[in-house]
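Worksheet: the structure to be examined is printed underneath.
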Amino acid sequence: AQSVTQLGSHVSVSEGALVLLRCNYSSSVPPYLFWYVQYPNQGLQLLLKYTTGATLVKGINGFEAEFKKSETSFHLTKPSAHMSDAAEYFCAVSRNTGTASKLTFGTGTRLQVTL
Amino acid sequence: GAVVSQHPSRVICKSGTSVKIECRSLDFQATTMFWYRQFPKQSLMLMATSNEGSKATYEQGVEKDKFLINHASLTLSTLTVTSAHPEDSSFYICSAPFREGLDLNEQFFGPGTRLTVL
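Chains as they are written, first to last, in my numbering: chain C, 962 to 1076; chain Y, 47 to 164.
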C-alpha cells in the first residue's frame, strides 16, 4: 500500500521568501512522485515529477523538489514566493504499473503569500 | 501536453434527479480514465477507474449503482450521479494517463465539475 503525508495543511510566507512544502511518502516499491497545484475551482496542474534518475527535479514556475529515499521525502521548494503562487498544493505517489496507474494524494497544503 | 476536458463545469440540480458528467481526452486516446471526488478544502478521493470496453472498477465504499460510469469510446468517459442528494454535492475531477515518450506515469486532469444538489 502507498500513502502520502503532507505536513502542514496551511503555510503562509511573505512575497519573496522561501517556500517549503513538506511531503513524506510510504511505498513498498520504488515510487513515482508528483507535485500538483490547484487553483480555486480548477483541476490539477502538474508542477513536477520524479520517476527515475536525477533526484533533484525542476518543474514549472520556479519550483523544484528533491527525492530523498533515506528520508522517504519529496519536499517542494521555491526560492522566492510570488503572489501568484497562492494555491493548494498536492503531493502524490503512484506505482509503476504501466501506462495507467492510480495516484494516491496527500491531504494538500494551502499556500498563502502575503505582502 | 495532453488536454482533458470536462462538461459541464458547473451544474445545479434538484434532489432525486440524475446528472451526467463527461470527461474527454481531446488530443489523445485513453483506454483508462480515473474519476475523483473532492470535498471542500480536502484532498482528491479516487472513486473509480473507467475502462474502455469493460466495466469500471470502483474503490471500496463507492456505490457503483449510485455512480454509473461508462467508457463509451477511447476519448470519452461519463459519470452519472443517479438520484442525486445534497450529500453528493462535490467537485468531481477526471484524469487520463498519457504516455509521452518513455514517461509511463503522467496523468492529465480535467478542469473539474462542480455539482450542487438542492
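Quick reminder that beta carbons are idealized off the backbone N, C-alpha and C, glycines included. Small disclaimer: the values here were computed from a predicted structure and weren't measured.
- The way I'd put it, the region 50-59 of chain Y doesn't touch the region 101-111 of chain Y; fewer than three beta-carbon pairs between them come closer than 8 Å.
- As the crow flies, the alpha-carbon of GLY99 (chain Y) is around 13 Å from that of GLN75 (chain Y).
- With a minimum length of 4 residues, there is no unbroken run of alpha helix (DSSP H) contained wholly in the region 1005-1037 of chain C.
- Between the alpha carbons of PHE154 (chain Y) and CYS59 (chain Y) lies a distance of about 28 Å.
- The beta carbon of ILE139 (chain Y) sits closer than 8 Å to some beta carbon of chain C.
- DSSP lists Y:HIS53, Y:THR124 as the beta-bridge partner residues of GLU68 (chain Y).
- Contact of GLU152 (chain Y) with chain C is assigned, a C-beta pair being separated by under 8 Å.
- Against chain Y, the CB of THR1070 (chain C) has no partner CB under 8 Å away; the residue lies outside that interface.
- Between MET79 (chain Y) and CYS140 (chain Y), the C-beta spacing is below 8 Å.
- A Cβ-Cβ distance of about 17 Å is found for the pair THR1038 (chain C) and ALA1053 (chain C), leaving them out of contact under the 8 Å criterion.
- Any Cβ of chain C closer than 8 Å to the Cβ of SER123 (chain Y) would place that residue at the interface, and such an atom is absent.
- Any Cβ of chain Y closer than 8 Å to the Cβ of ASN1022 (chain C) would place that residue at the interface, and such an atom is absent.
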